[in-house]
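K.L.:
Taken in sequence, the protein lines are chains A and B. Once you know that position 116 of the first sequence is 144 in the numbering used here, the rest is easy, because the numbers rise by one and skip nothing. Once you know that position 37 of the second sequence is 17 in the numbering used here, the rest is easy, because the numbers rise by one and skip nothing. Even glycine gets a Cβ: it sits at the ideal position worked out from N, Cα and C. For clarity, every value in this text was computed on a predicted model and none was experimentally measured.
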Amino acid sequence: MKDDPPELSENELKQDFATMLLLEKLLRESYSNTQSKDIQALQWSILRYLNDTAPSRRTVRWISSFLCLTHAPIVRCIATLLNKGLVEQRRNPMDARSNIISLTSKGQRVLEEDPILRIAARINQLPYTDRSHFRRISRNIALTKDQAEGK
Amino acid sequence: MAKVLIVEDDQSVLELLSRSVSWLGHEIETATGSKDAINLLQRTESVDIVIADFWLNGISVVSFLDQVIKEMPSAAIIVISGGARDTSFEMTKALVQSCGPIEFLQKPFRKFEIWDAINRASRFQCNLTRQF
């Protein structure tokens, strides 16, 4: 991939800004259009994590570490998810001080309405080359230049 | 028995992984950086499993993963990570899994967890048999 020249024109900057605005709107609208629109983004992250993680790692400590957050917001989110019947908890047999959190069958059904799935489905419909480019470009944007080049 | 390439720049983790994997009876090759690992892959007839740390000498292995998938499309891949200041595990896992069907394991892990990850990664590859 060729590097952009160091000085971008105002028009190019505006174009890039508009492109990112498109993506931001796409994501925001997908979260508000789902049948489960009263689930917040952090709650979705927790549901996804619980769906894809072994029981021994489904504790507040591991969830907090994975999402790079302190315990407090995670504990609040889990309390909300418990109230909604989307997760349940039981005492951790390996550590009586903590609980193992699991999805309920209702939580699993709600995950089928994950807002990210709709956008992933649109990406899936792109031609193969466009899909590969989109994935690679997304990764390049996510990593800083230093992280990609090790400076 | 499978041929496993372990790519890890932390010597103590490399030794732990090597012991854990060889306990299963697999043959092991090791590398401490992605360039050495790619050279090894190009010299070797086949590698069944690649286990790599996401950060090798401060550089992400995303480009390395693309090359592994290109050089050894049949290899099962597991990426492990101890985290980085600017990148959450959630982001790291998404970066890794956007490259391909790759298992992700957050550090610290126990032996049985790396064994489970090897088994799950191997299910994507039809030419491996379970050792347990």
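Considering only their Cβ atoms, is the gap separating T132(A) from E116(A) smaller than 8 Å?
P.N.:
Yes, the Cβ-Cβ distance between E116(A) and T132(A) is below 8 Å.
K.L.:
Taking all protein chains shown into account, do 16 or more other C-beta atoms lie within 10 angstroms of the C-beta of K42(A), making it buried, or fewer, making it exposed?
P.N.:
exposed
K.L.:
Can you give me the C-alpha to C-alpha distance between E35(A) and L55(A), rounded to a whole angstrom?
P.N.:
So the two alpha carbons sit approximately 30 Å from each other.
K.L.:
To the nearest angstrom, report how far apart H161(A) and I67(A) are at their CA atoms.
P.N.:
If I take the Cα positions, the gap works out to 31 Å.
K.L.:
How would you call M48(A), buried or exposed, if buried means at least 16 neighbouring beta carbons within 10 angstroms?
P.N.:
Taking every protein chain shown into account, the CB of M48(A) has fewer than 16 other CB atoms within 10 angstroms, so this residue is exposed.
K.L.:
Compute the Euclidean distance between the alpha carbons of P85(A) and F92(B), then round it to the nearest angstrom.
P.N.:
It should be pointed out that residue 85(A) corresponds to Arg in this sequence rather than to Pro. Near 13 Å, if we compare the C-alpha coordinates of F92(B) and R85(A).
K.L.:
Would the C-beta of A149(A) count as close to the ligand ATP, meaning under 7 Å from any of its heavy atoms?
P.N.:
Absence of the ligand ATP from the depicted structure is noted, as is the absence of any ligand whatsoever, leaving it without description.
K.L.:
Please go through the same chain and pick out, in chain order, the residues whose beta-carbon is closer than 6 Å to the beta-carbon of K65(A), but skip the five residues on each side of it.
P.N.:
Cβ within range, chain order: n/a, list empty.
K.L.:
Let me know the secondary structure DSSP gives D123(A) once reduced to three states.
P.N.:
Looking at D123(A) - three-state DSSP - the assignment turns out to be strand.
K.L.:
Tell me, please, whether the CB atom of R167(A) is closer than 8 Å to any CB atom in chain B?
P.N.:
yes
K.L.:
Give, in chain order, every residue of the region 38 to 70 of chain A whose Cβ lies closer than 9 Å to some Cβ of chain B.
P.N.:
none
K.L.:
In chain A, which residues lie less than 9 Å from L20(B) when you measure between Cβ atoms?
P.N.:
Under the 9 Å cutoff, chain A gives no residues; its nearest Cβ is about 20 Å from L20(B).
K.L.:
Need the endpoints of the alpha helix (DSSP H) that K134(A) sits in, please.
P.N.:
Run containing K134(A): S133 to L139, per the alpha helix (DSSP H) assignment.
K.L.:
Using a Cβ-Cβ distance cut-off of 8 Å, determine whether D(-11)(B) contacts chain A.
P.N.:
no
K.L.:
Please decide whether M71(B) counts as near chain A, where near means a Cβ-Cβ distance under 8 Å.
P.N.:
yes
K.L.:
At a CB-CB cut-off below 8 Å, which residues of chain E make contact with S78(B)?
P.N.:
Looking for chain E here will not work: the only protein chains present are A and B.
K.L.:
For K87(B), which option in T10(B), G62(B) and L(-3)(B) has the closest C-alpha, if you only look at C-alpha atoms?
P.N.:
The residue with the shortest Cα to Cα distance from K87(B) is G62(B).
K.L.:
Would you say D66(B) faces chain A, with C-beta separation under 8 Å as the test?
P.N.:
yes
K.L.:
How do the region -16 to -1 of chain B and the region 32 to 40 of chain B stand: do at least 3 beta-carbon pairs fall below 8 Å, yes or no?
P.N.:
yes
K.L.:
Thinking C-beta only, is L95(A) closer than 8 Å to V138(A)?
P.N.:
Not a contact, by the Cβ cut-off of 8 Å.
K.L.:
So within the region 38 to 107 of chain B, which uninterrupted beta strand (DSSP E) runs reach at least 3 residues, ignoring any that extend past its ends?
P.N.:
56 to 61 and 83 to 86
K.L.:
Which residues of chain B have a Cβ atom closer than 9 Å to the Cβ of C96(A), listed in chain order?
P.N.:
What C96(A) touches in chain B: G63, T67, S68, F69, E70 and M71.
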